[in-house]
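Chains as they are written, first to last, in the numbering used here: chain A, 2 to 498; chain B, 5 to 328; chain C, -14 to 306.
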Amino acid sequence: MAGKVFLQMENISMTFPGIKALNNVRLDVREGEVHALMGENGAGKSTLIKILSGVQKPDVGSKILVDGKEVEFSGVSDSIKHGINAIHQDLSLFPNLSVAENIYLGRSKNGKVNWKECTKIAEEAIEVLGITMDVQEQLSNLSIAKQQLVAIARAISFKSRLLIMDEPTATLSFSEVRMLYSIIEKLKKQNIAILFISHKLDEVFEVSDRVTVLKDGEYVGCKDIKELDENRLVQMMVGRSVAYKALNDVSYAGNKILEVKNLSKRGNFKDISFALHKGEILALTGLVGAGRSETVKALFGLNPPDSGEIYLNGKKIDIKNVSQAIHNKIAFIPEDRHEEGLILAMSMKDNITLPILKRILTPLRFINRKEVDKSAENYVEKLSIRPSQINKLARNFSGGNQQKIAVAKWLITKPDILIIDEPTHGVDIASKTEIHKLLKELAKEGMAIIMVSSEWQEVFALSDRVLVMRHGRIVHEDNTATGNQDLMMEKAILGGN
Amino acid sequence: MKKILEKRETGVFLILLLLCFGLSLYSPSFLSYTNIKNVLVNSVPVGIMAAGMTIVLITAGIDVSVASQMMFSATWLAIFSQNSPIANPVTVLILALVLGAITGAINGFLIAAFSIPPIIITLGTASIYRGIILVYTNGRWIMNIPKWFTALGKTYYNIPLPIIYALIIFMITAWILKHTYFGRSVYAVGGNENAARYVGVNIKKTIFLTYFYSGLLCGFAGFVLDAILGNCQPSGSNGWEMNAIAAAVIGGTNILGGSGSVIGTVIGVAMMGVIENGLVVAHIPTYWQKLVYGLIIIATVTFDVLRRNYADSKKQMIEIDQEA
Amino acid sequence: MEKLRKRFTLHEMVLAGAFLLIFLIGACSNENFLSIRNILSLFQQMSEMGIMAMGLTIVIITGGMDLSAGTTMGLCAVTSGLCLTKGLGVVPSLIISLGVAVLCGAMNAVLVAIIRIPPMIATLGTQMFFLGAALVLSKGNSISGIPESFYFLGQAKIFGMPLQMLLLFGLAIFLMIMLRNTVTGQHIYAIGNNMKAALFSGIRTKHVLFYSYIMCSVMCCIAGNIQVSRVATARADMGSAFLMTCISAVVLGGTSINGGNGGIVGTVVGIMIFAMIGNIMNLVGISSFWQQLATGSILVLVVVFNRMIEMQKYKVKSRKV
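Put into structure tokens, the structure is as follows:
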């Protein structure tokens, strides 16, 4: 069924400052095959796709071969010239233009628009997909599923040999997914290969011919789907390799401090219920898009729920905005420490003291500069922030130290509950250990910690209990040390039952 | 048919018809030929500027220097027509377009090359262009524009020439928006700038041409203004840029960019002219105009933004499993 | 020189240089320039614009804009004028005028902070609306016959110095302290730098924005009342001509148009520079039309120059309305 190999990626490495996203990865694609690319969050899938579609340049030594000849992509148009078209998750379409124009725009850059040609090309592309659509319809009037089809149509109208899709069924309903499968079949018949990233095992087993698995930036293997079953595939994805030092042999969990009952918010999460204890580290895991960040943001006043109750120390409370959350001694360290956690143009000391300015005033209600300096220096020492110049602008610190500043900023509010979203995302190995030790220290001192994490190693090494979310609901809950860890990982991917 | 009914422009058009109907009941002279002619002719300069403004707004930009550009052109044209031996209808027209091209190009260059917010640049150039003509003329009116010039603004066979000019401009602008790569790029840039870059649209070039074209139209508007009025007041037409923006926005051009049409703007211009006339007919003092326009702009923009906010929030939602 | 370089930014040094340059030109161009009478008159003229510009500074630091500043001033002027000529006393008139200012600022804040209309557009609309309101209230006429009891604001002298100059400096000090030493001030800079991070840090962004826009409108109100008192007339278009110059002064003074930095001192220096230019032109006999040309040119030059330096440093590419 599948033809010969026409695309080969060899020795692909990608190094970012401090992190090796890909290390000697390889991938090959056969004509007309459906090839799945799998791995956990952070495995390197997106990076590999970016390299293949010309958006990112890999390290020296990496090779891409098309029909046996080595090629170099210095931009998106290069990869398109070789027949490789990527469809991003945001579709890169124009909601204010018609379907036909979305497919056609950019082709002829001179003078008059040839509407006849536009309609023709669009209708041809739609026909290849075997669906009926009014190409004059404005894109924004179509459902996301149909818009995705338009993105696919555009990609194949460029005479593609390979179509790359990133989580194509993430936002589709059941029937729309089946429609997409049939489209994929049609594309196969046209000898167009498809490379897609997916977390959904059932989907991978249904449509793909082969699957390549990445883990922590390394190539695990590429197998015919017929040679695999679900368990073996999951094993390839999560198999234990780099072991984090297990820090959860001692649990400091004490009394219940927080109880959440039936928290729901349309389009975000539903029926979230759990308890949190003092000194406990509770991990909230699941795949991207499961609704974890949305849920914890609700506990911080950034995403107030539609319904449900929150009890703090037995008393019912409302968290309608961030001020109220801080008032209730809840702190939140966002995943994107850069964009959301720090104000890069302000000094380190100003960043650290920002949430508590109201507490360090002089009698005249001015900011107490001495206190600000003192507080900042205190945390510089506590967290070993280097260099220790508190007046230095936050943007001039290294990534790892910026993380520490973001953490210091919240620790200074002396919270009872700390919510941290992906604590070691994008952090180098040395800092990872430091941050883990810090979290355990805080738990020992009685702080209750909710840790949103996609790294199972981290979850197993650090947490006392685990909550697994999928599609906006909690699908599994267990004690980390004594529970069935394989089951936890499966639930994240497969969901309930 | 349903599609036409759903369009924003249709709604505005119906409101316009209602207004006209109501006004004609209130005062029968409203529908007289003379009155309609006056309303339309007086709206032409703003209408021409509004056409250019439509394109600017679609790119999510703005140009508050249009009135100044128009007066810049009008002033030099008036002086040229009175003093130059080679002045005649053709050379005056060419000069108008050249002047507009220059002022528009300056705007376009500064905005595109330096990525500075259009509002700031055009706020500054508005003062510069206005300042130049005020300094040169010392603020004095230029009276007695030659008869061959004003003849270009008169009515022949019951059809006012300015209306013809406006119609030509509208048709050209509509054609550019609909049938040229530049026009489609304008919509692309305004609709999703990143996607536009992805499909190879030259963002900077598109932005430059947008303001360049707006300038051309302002230059032409100056020509028409001189022809209609027969004199030129360098300090005049203050605030007309707001009228141009209002006309476009009322007519359905989204202030956030991405959508808009010439037809809508035409209806918007007509609407503003009718409102102004209506206030006169109803013996409401003209100083109510600004208040009414201001309210209309605020209401229209609020409506557009709220609509966009709602659509954005829906996009963020995920699908939740129906059973646990 | 090195020490200076570390203490002051390039922009600040250029600004100081420009100030000195203009001052010297003034001193050389006309013997009256340095006279006490002229200097005091200079301050008297610039205080109205200066107060408006300081209000604008706050809004611009939050990353926003208030194009309605000029017409707010006009509306407050007309309100005062009407109250005064209808027999209300000085104090009630001022209070009502302030009340109108608060409403104007609140309206701007609602559009920008709650409905989230881009500040440029929102205040473009309110600019027209406030002017319209002022025209309607004044029926398009100048309001004259302002009672003498009101003259003190714009015409009185304390220890020989014009009252409005003292007001200008008093307000400058007040706003400077607010921005540098209070929590609200710190929050204003935070919002201008990174609205999202500010929100995530527990800053009540909506509250701060309301504060900023209302503060700006109140400043415009004060400026308007000073002018009414000075010329003993109230007109709807008072202040409209100031807007351009005020924005230019703020940007010239070192506050970035995108927000997050800058301050009162720079703005005051900027206003002084523009006031001196106007003053020199008057003394030398150059028509005031040159001022408009000069103001616009300076704004464009400063903004472009700043941007060129920025592009060198950070190679940033973005376009905002």
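Positions of the beta carbon are idealized from the N, C-alpha and C atoms, including for glycine. All of these numbers come straight from a predicted model, not from anything done at the bench.
Rounded to the nearest whole angstrom, the CA to CA distance from Ile43(C) to Val254(C) is 16 angstroms. Cβ neighbours of Gln212(C) within its own chain (closer than 7 angstroms, five residues either side excluded): Glu33, Ala62, Gly139, Met223. The stretch 79 to 151 of chain A is shown to contain whole alpha helix (DSSP H) runs of 4 or more residues at 100 to 105, 116 to 130, in chain order. Contacts with chain A at 9 angstroms (Cβ-Cβ) include Tyr185(B). DSSP assignment within the stretch 297 to 335 of chain A yields the following whole alpha helix (DSSP H) runs of 4 residues or more, N-terminal first: 323 to 328. Under the three-state reduction of DSSP, Val139(B) is assigned to helix. Counting only runs of at least 4 residues, the stretch 144 to 195 of chain B fully encloses the following alpha helix (DSSP H) elements, listed from N- to C-terminal order: 151 to 154, 165 to 183, 185 to 195. For Gly245(C), the residues of chain A that pass the 9 angstroms Cβ criterion are Ile344, Ala346, Met347, in the order they occur in the chain. Between Ser263(B) and chain A, the shortest Cβ-Cβ separation is below 9 angstroms.
For Arg201(B), the enclosing alpha helix (DSSP H) stretches over residues 197 to 202. Within the stretch 94 to 111 of chain A, the residues whose Cβ lies closer than 8 angstroms to any Cβ of chain B are, in chain order, Leu94, Phe95, Pro96, Asn97, Leu98, Glu102, Leu106, Gly107, Ser109, Lys110, Asn111. At a Cβ-Cβ threshold of 9 angstroms, Ile320(A) and Gly302(A) count as neighbours.
Each residue's CA atom was taken as its position, placing Tyr202(B) and Ile62(B) some 19 angstroms apart.
Using a Cβ-Cβ distance cut-off of 8 angstroms, the stretch 220 to 237 of chain C and the stretch 81 to 88 of chain C are not in contact, since fewer than three pairs of beta carbons, one from each stretch, lie closer than that value.
In the DSSP assignment, Ile50(A) falls within the alpha helix (DSSP H) that extends over 46 to 53. Counting only runs of 3 or more residues that sit fully inside the stretch 204 to 243 of chain A, the beta strand (DSSP E) segments are 211 to 216, 219 to 225, in chain order.
Under DSSP, His477(A) takes part in a beta bridge, and its partners are Val469(A).
Gly218(A) counts as buried, since no fewer than 16 other beta carbons sit within 10 angstroms of its beta carbon. Within the stretch 82 to 104 of chain C, contact with chain B at the beta-carbon level (separation under 9 angstroms) is assigned to Met92, Leu96, Ile100, Arg101, Ile102, Pro103. If you compare the alpha carbons of Ile167(B), Gly104(B), Val60(B) with that of Phe186(B), the shortest gap goes to Val60(B). Near chain C, meaning a CB-to-CB distance below 8 angstroms, the residues of the stretch 363 to 374 of chain A are Arg366, Phe367, Ile368. Counting along the chain, the unbroken alpha helix (DSSP H) around Lys383(A) starts and ends at 370 to 383. Classified as exposed, Gly4(A) has fewer than 16 neighbouring CB atoms from the shown chains inside 10 Å of its CB. A Cβ of chain A is located within less than 9 angstroms of the beta carbon of Leu184(C). Interface criterion not met: the Cβ of Leu213(B) is under 9 angstroms from no Cβ in chain C. Under the Cβ criterion (8 angstroms, minimum of three pairs), the stretch 265 to 276 of chain B does not count as touching the stretch 223 to 236 of chain B. Phe153(B) and Ala119(C) have their C-alpha atoms roughly 38 angstroms apart. Cβ neighbours of Ile176(C) within its own chain (closer than 8 angstroms, five residues either side excluded): Thr47, Gly48, Ala183, Ile188, Thr190, Val193, Leu194, Gly244. Annotation for Tyr174(C): Ile46, Leu164, Gly245, Asn246 place their beta carbon closer than 8 angstroms to its own, counting only its chain and skipping 5 residues before and after.
Listed along chain B is no residue with a C-beta nearer than 8 angstroms to that of Thr70(C); the closest approach is about 18 angstroms. Among the CB atoms of chain B, one or more fall inside 9 angstroms of the CB of Ser123(C). If you draw a straight line from the Cα of Thr481(A) to the Cα of Ile451(A), it comes to about 14 angstroms. In this structure the stretch 93 to 105 of chain C touches the stretch 304 to 315 of chain B; the number of beta carbon pairs closer than 8 angstroms is three or more. Segment contact: the stretch 166 to 186 of chain B against the stretch 56 to 71 of chain A, fewer than three CB-CB distances shorter than 8 angstroms; contact not assigned. Within the stretch 275 to 289 of chain C, those residues whose Cβ lies closer than 7 angstroms to any Cβ of chain B are, in chain order, Trp275, Gln277, Leu278, Thr280, Gly281, Ser282, Leu284, Val285, Val288, Val289.
Closest by C-alpha distance to Gln29(C), out of Phe4(C), Met150(C), Ile128(C), is Met150(C).
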